[in-house]
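Peer 1:
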Amino acid sequence: MIPLANTSDKRDEIFNQKITPKLKKMLAATPELNGRLVEHNCIEGLSRETCSILLVKAACEMYADRPAMGSRNVLSAPDGNGISEPVFLTSFHTVSYKQLWNRVSDIATGICSLKLISSEEIMTFVGFGSMELFIMELACLHQAIVAAPIQPNLTGEVLQELINECNAKVLTCSFDQLDKVVGLVAQCPSVNSIVVTDFYESDKERAEWDKQLLRLEALHSSVRMLRLREVEQYGSSMTSLPIVCPVDSEQLISLIYTSGSTARPKGAMFTERAVLTQLKIALGFIRPFEGLPMVSLSCLPQCHGLGKLGVFVSIISGGLVYFTLKPDMSSLFDDLHETRPTYLMLAPRIFEMIHQVYQLRLHEHVTAAVSMDDNDAALQLAEMQSVGDRLLWTVTAGAPLQKELYAFMENTLGIRVINLYGQTETGFISTDNRLIEENVVAYKLVDVPDQGYSKEDKPFSRGELRVIIRGGISGYYNNPDATQILYDEDGYLRLGDIVEEIAPWCIVPIGRSISIFKLSNGEFVNVNRLESLYHTADGPISGIFLYGKSTHSYLLAVVVPRIGLLNQLNLDEEKDEPKIKELIRWHFSKMAEKNGLQGYEIPRDFILEREPFTVANGLLTEAGKTAYGMLRKKYQERLDSLYEDSGQHTHVAIGREAAEKSVTDKVQEIFANSLNLPVNEVRGDSRFKELGGSSVNAALLSEQISKHCNVKVDVSLILSPAASLTDIIDFVNKAATISDSPRKFEVIHGPVLDNISIEQLKLEHFFSQEELRSFNDSLPYEDKKVKQMLLTGANGFLGRFIALEAYNLLSEGYMIYCLVRGKSQQDAESRFLAAYAQIPSVGILLKEAIGNGLLEVVAGDISLPQLGLDDNTWRRLCANVDCIIHNGTLVNHIFSYEQLFATNVAGTAELIKMALSVKRKCFGFVSTLGILRFILDDGPRIIDENMTAAAITREVSVGINEPGYIAGKWASEVLLDQFGRMFDVPVNIFRCGLIFGHSSLPGQINVLDYFTRLLFSLIKTRIAPSSFYSDPVNGFHSMLPVEFIAKTIVGISFGVQNNNNSVYHISNSPHHGGVSLDDIVSYIRSAGYSIETITDYDEWFRTFKGRLMALPPEEQRQSSLVVLKQWEEAEDPHSYRIETSRYFEKIFADGIADTIPAITETMIHHYLRSMQSLGIIDDPD
């Protein structure tokens, strides 16, 4: 195998030599990459296609079984109120080229068969750039529908203008843009439909969907709103429509709305000729990389030419392209680590981000006295884990890449960097500074005398580049004036870029010919407009010269302050320079806020100049206009030095002295460094975006705060226009309070680990010596009737019935405290009562109890110190409460132990602290029979209620791929066992089996537990094994109704306590209320659902899994796929037996219950009716 095709390019030859050993190792270590190589025959075959959509179709057929696209796996998981929301996993799922084409065909058939739109009509897109958005764009190409992606961050007013300008018939948007889009359609009469992508069918999304439907109804709009999946399903039920090829090569098939050199985006029109030309240029572009694997990550928006090209390059080369999760780049490094791309197509700003992170980590190695040299392979490999350890080559475009970044990527990381140059209007016209003759027919340079550029310049000709091209746009949509200006009198397209011609057909861009800067993030900045906005009649600026470079992502400036205003403020130019700079920064901020400027339009730093700009000194023209050529000549060297000096801030890590700094100092320094500003130039009221911060800088800031303060700050907070530096510091300080607590994961368990042990879970590790001494001084426990109880997790599925049962048992003068998360007391109370929305009579009863002072909802958070309570509330509860029932937990079977630690383990420790403060309190803990899974293979087969957590195992695996929920329950039991024995306090551990739905109340089921998923899956697949057990006669499944479990937990907690720890297995048994899964299958059949029996269990499982995988994504998320491993093998009822005798004896002896309820056929039918009423399943056929 030859890794690269022959080429005369010296850099490619060197790259070829360097990459061969790495490539061999890579392919040996990851054999599946052999199926993702660029193949010569395929490239040649595709180059013969005569229509763009036929080229895409041919690629999908050639690469049919290869994976084509990938996006993050997502599940619907319940929040603290049991309301499901999308949870994105670190892993990705892929679709093959065959599946991709089927989806494209089905969606194309669906949108046309539903009469949403026809060929040659326009569909606008509002969203970042997900897999589903790109598939919809391919479906448009399938039917010659004009796809028009629009920047999602535009204001609603501008979006509305653009939608109306192009007379769009359908508006496709990602779900996160739906609120904005619905607000527009009333003023967009051409739009008949909204199609929504990236909708995951969670409760929160469905609620938002219903809200937006009501908005449309209120607007009396006839606009239809459909999920993309609905359109696809409809199309799949119809005969597939044939491909529609454009009738001629000049037919419009795509619009890209580009801001270009104006504030308002213009619709660049791409014909079939232009698109096909660009695809064939891309085929030629990838020819030198035949034999290399193509795995990439798309992290640019759909409306960005480079983002679109990256996806098409992957498709025509048979590659696999993943889509990044978050448009703000905050997930970039997680995505890189998970997908391990072999090539990337990125804008320079993202390379800057990679370089900054690399340099920061490198600096930390140095300051940590790690022995290394510049070529230390081990260190380079370690740092490469952050940017992609399989990366072989990269493409950059949109703006020139700094020389330092070239050197970093090629020399330090050993990655081939290819620089594409072009504009939206031209497509790509040069590769590594060589003009692409397949696209460029002719070119010329034109003198720009006012900026000092001439074809006669030495050593190279310089001037504005103009071209005649094959693959460029045909003009701007509905904008003849802009189209006319685009071309000169000879038909050459004006690029507006100044270039040096270093050889015939070889050019290097060096600037702009007009007062427009294109920064490295690809954004255009109108200098004239900004200078006029900042130069106000009454402001502190007398003169301003803005300076930008396409190799940097922000502006600099030269500012002449207004002397008269300085005199009025008693400011001296020499002595008060810091105050003057602060005043000017304030002015920039206020003007930016007033005029709605973007962060990149605000100068990041500036030079204070005392000498005014005048005609006499040549800094103004005779007409009194800014003399840019002279200003550049005078200040360029100083401004370039300022760029270099500012860049140094990025490479300054906080270092070893960080431990000596306060959180405030650390955050302020990181904040300044991320903006390339001196620390003394950021203030408490500084706002990140107002200082020129972008999402890229924000992601870097978030990572560095996390690294140095152990606090994760979301990018959205940093970029919020309402969030100042002080707000960010306050957030970090509050979170750092948790971090400084001994009840922190790293303090208890050390760095990332694979196992946790009994030895790590000692109470003395969770509490300070001072706290332990105070516990010994608390009043001893008195076994008396419970008068005041604290319940956590009161609004959860089980918690709502524990609260109700406790209320029924307590008489007047007694009190229940229900701890509920909430922003305020009112919010927490609303969340608590919302749990009873489907049983309004109970909600009314408990609302009255709150009003009568019998029940108090307390706003708190078990993951926080003092449960998030203020000192007065904490002390009041510590003094009043007699009994704690700890039911609160973050139920998530995906998150790791570390991710759940703060809530599920440290939260238990915080409640132990309350139980030992002022007076000792009895403690009930809701655990799970699931912890019995940790019993070793050679452990006991009969598991009685004397078996403590420590007796089950002394060590539990908590690796990154191990769900942490059950491990957290085990760890909490370990803590509570010590607590009870050390302080002579009764502790009741309630290990629950399956918590079945309410036996009589409608709709009261746990929608996302494994049992509801199983019923759903059996009904959807219509198959079940002949038995779920290896011995069907003795099959049994643990489950009890939720109201019975609540009744027994409260009854035991409020009853006479034993002064020792008691474990109760809350379960039925084969002889008391026993039922098997086989019984339940028969009850499903008797409810009218058709279920076929498959005798061989393994065959059933394979078929079951296959049918679940074939379900639509929203049904997959409700199905057993999430917990499929649970059903891989038939259960052996003889493998172990769970004893429940203590539980039965206790509830019978104390009169809590006189029998154990059986799960009957009637109850299963009631459960199924609840599923029907909640829209989970349909009525039986």
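With the working numbering, letter number 981 in the sequence shown gets 1318, and the count goes up by one each step, no holes.
Idealized CB from N, CA, C, for every residue including glycine.
On the three-state DSSP scale, how would you describe Val-808?
Peer 2: Reading off the sequence, residue 808 comes out as Gly, not Val. If DSSP states are grouped into helix, strand and coil, Gly-808 belongs with coil.
Peer 1: Considering only C-alpha positions, which residue in the set Leu-515, Ser-1167, Lys-792, Val-519 is nearest to Glu-542?
Peer 2: Considering only alpha carbons, the answer is Leu-515.
Peer 1: For a test of the three-state rule: what should DSSP assign to Gln-588, helix, strand or coil?
Peer 2: Here Gln-588 sits in coil by DSSP.
Peer 1: Which runs of the alpha helix (DSSP H), 4 residues or longer, sit entirely within the stretch 510-551?
Peer 2: Listed in chain order, they are 515-519.
Peer 1: What are the boundary residues of the alpha helix (DSSP H) that includes Asn-410?
Peer 2: Segment 404-415 is the beta strand (DSSP E) holding Asn-410; no alpha helix (DSSP H) there.
Peer 1: At what residues does the beta strand (DSSP E) containing Tyr-937 begin and finish?
Peer 2: It is not in any beta strand (DSSP E) - Tyr-937 carries neither H nor E in the DSSP assignment.
Peer 1: Roughly how many angstroms separate the alpha carbons of Met-1330 and Asp-1198, rounded to a whole number?
Peer 2: Note that residue 1330 is Gly in the sequence shown, not Met. Straight-line Cα distance between these residues: approximately 26 Å.
Peer 1: Which partner residues does Gly-880 have in the DSSP bridge list?
Peer 2: Paired residue(s): Val-897.
Peer 1: Can you give me the C-alpha to C-alpha distance between Gly-656 and Trp-438, rounded to a whole angstrom?
Peer 2: Taking the straight line from one Cα to the other gives about 15 Å.
Peer 1: Specify the secondary structure class of Ser-428 as computed by DSSP and reduced to three states.
Peer 2: Three-state DSSP puts Ser-428 in a strand.
Peer 1: Can you list, in chain order, the residues of its chain whose CB lies under 7 Å from that of Ser-573, leaving out five sequence neighbours each side?
Peer 2: Taken in chain order, the residues that qualify are Asp-443.
Peer 1: According to DSSP, is Glu-554 helix, strand or coil?
Peer 2: Helix.
Peer 1: Contact between the stretch 474-483 and the stretch 524-540: three or more CB pairs below 8 Å?
Peer 2: The stretch 474-483, when compared against the stretch 524-540, does not touch it at the 8 Å Cβ threshold.
Peer 1: Is the stretch 510-524 close to the stretch 1425-1438, with three or more CB pairs under 8 Å?
Peer 2: These segments do not touch.
Peer 1: Take Ile-822 and list the residues in its own chain whose beta-carbon comes closer than 8 Å to its own, dropping the five residues that flank it on each side.
Peer 2: Excluding residues within five positions, the ones whose Cβ falls inside 8 Å are Arg-831.
Peer 1: Along the chain, where does the beta strand (DSSP E) containing Ala-953 start, and where does it finish?
Peer 2: That residue, Ala-953, is in no beta strand (DSSP E); it is neither H nor E in DSSP.
Peer 1: Determine, using beta carbons only, whether Cys-1259 and Tyr-1144 come nearer to each other than 8 Å.
Peer 2: Cβ atoms of Cys-1259 and Tyr-1144: not closer than 8 Å.
Peer 1: DSSP three-state call for Tyr-1366: helix, strand or coil?
Peer 2: Tyr-1366: strand per DSSP, three-state reduction.
Peer 1: For Asn-1398, which option in Thr-427, Ser-1404, Ser-1390 has the closest C-alpha, if you only look at C-alpha atoms?
Peer 2: Of the candidates Thr-427, Ser-1404, Ser-1390, the one whose C-alpha sits nearest the C-alpha of Asn-1398 is Ser-1390.
Peer 1: DSSP has Lys-1256 in a bridge; who is on the other side?
Peer 2: DSSP, once it has assigned bridges, lists Leu-1116 as partnering Lys-1256.
Peer 1: Per DSSP, Ala-840 forms a beta bridge with which residues?
Peer 2: Ala-840 pairs with Cys-843.
Peer 1: For Val-1218, which residues of its own chain have a beta-carbon under 8 Å away from its beta-carbon, when the five flanking residues on both sides are left out?
Peer 2: Taken in chain order, the residues that qualify are Gln-1125, Met-1126, Leu-1127, Tyr-1154, Met-1251, Lys-1258.
Peer 1: Report all residues from its chain with a CB closer than 6 Å to the CB of Tyr-780; omit the five preceding and five following residues, and keep chain order.
Peer 2: The residues are Val-804.
Peer 1: From Tyr-434, Asn-932, Val-1400, Ala-1467, pick the residue whose C-alpha is nearest to that of Leu-1414; which is it?
Peer 2: Nearest C-alpha to Leu-1414: Ala-1467.
Peer 1: Residue range of the alpha helix (DSSP H) that Trp-485 falls in?
Peer 2: Here residue 485 turns out to be Ala, not Trp, going by the sequence shown. Premise fails: Ala-485 lies in the beta strand (DSSP E), 483-487, not in any alpha helix (DSSP H).
Peer 1: Ignore the nearest five residues each way along the sequence and tell me which others in Phe-1348's own chain have a CB closer than 6 Å to its CB.
Peer 2: If we look at Phe-1348 and ignore the five residues flanking it on each side, its Cβ neighbours are Leu-1331.
Peer 1: Report the rounded CA-to-CA distance for Arg-947 versus Pro-898, giving the unit in angstroms.
Peer 2: Each residue's alpha carbon lies about 7 Å from the other.
Peer 1: Would you kindly report the start and end of the unbroken alpha helix (DSSP H) that includes Asn-932?
Peer 2: It spans 914-932 - the alpha helix (DSSP H) in which Asn-932 sits, taken as one unbroken run.
Peer 1: According to DSSP, is Ala-476 part of a helix, a strand, or is it coil?
Peer 2: Helix at Ala-476.
Peer 1: Looking at the strands, I want to know which residues DSSP matches up with His-377.
Peer 2: According to DSSP, which records beta bridges pairwise, His-377 is partnered with nothing at all.
Peer 1: Taking contact to mean 3 or more Cβ pairs, one atom from each stretch, closer than 8 Å, check whether the stretch 671-684 and the stretch 613-631 are in contact.
Peer 2: Verdict: yes, contact present.
Peer 1: Just to confirm my understanding: we take Pro-1407, look at its own chain, exclude 5 residues before and 5 after, and list those with CB closer than 8 Å. What are they?
Peer 2: Around Pro-1407: Asn-1371, Phe-1373.
Peer 1: Write down every uninterrupted run of the alpha helix (DSSP H) in the stretch 1136-1192 whose length is 4 residues or greater and which is fully enclosed by it, in chain order.
Peer 2: Listed in chain order, they are 1136-1146, 1162-1171, 1177-1188.
Peer 1: Find the nearest neighbour of Ile-623 within the set Val-1123, Pro-949, Ile-755, judged by alpha-carbon distance.
Peer 2: Of the listed residues, the one whose Cα sits closest to Ile-623 is Ile-755.
Peer 1: Is the beta carbon of Met-473 sitting closer than 8 Å to the one on Thr-509?
Peer 2: Yes, Cβ-Cβ distance for Met-473 and Thr-509 is below 8 Å.
Peer 1: Could you tell me the distance, in whole angstroms, from the CA atom of Ile-1066 to the CA atom of Ala-1060?
Peer 2: If I take the Cα positions, the gap works out to 10 Å.
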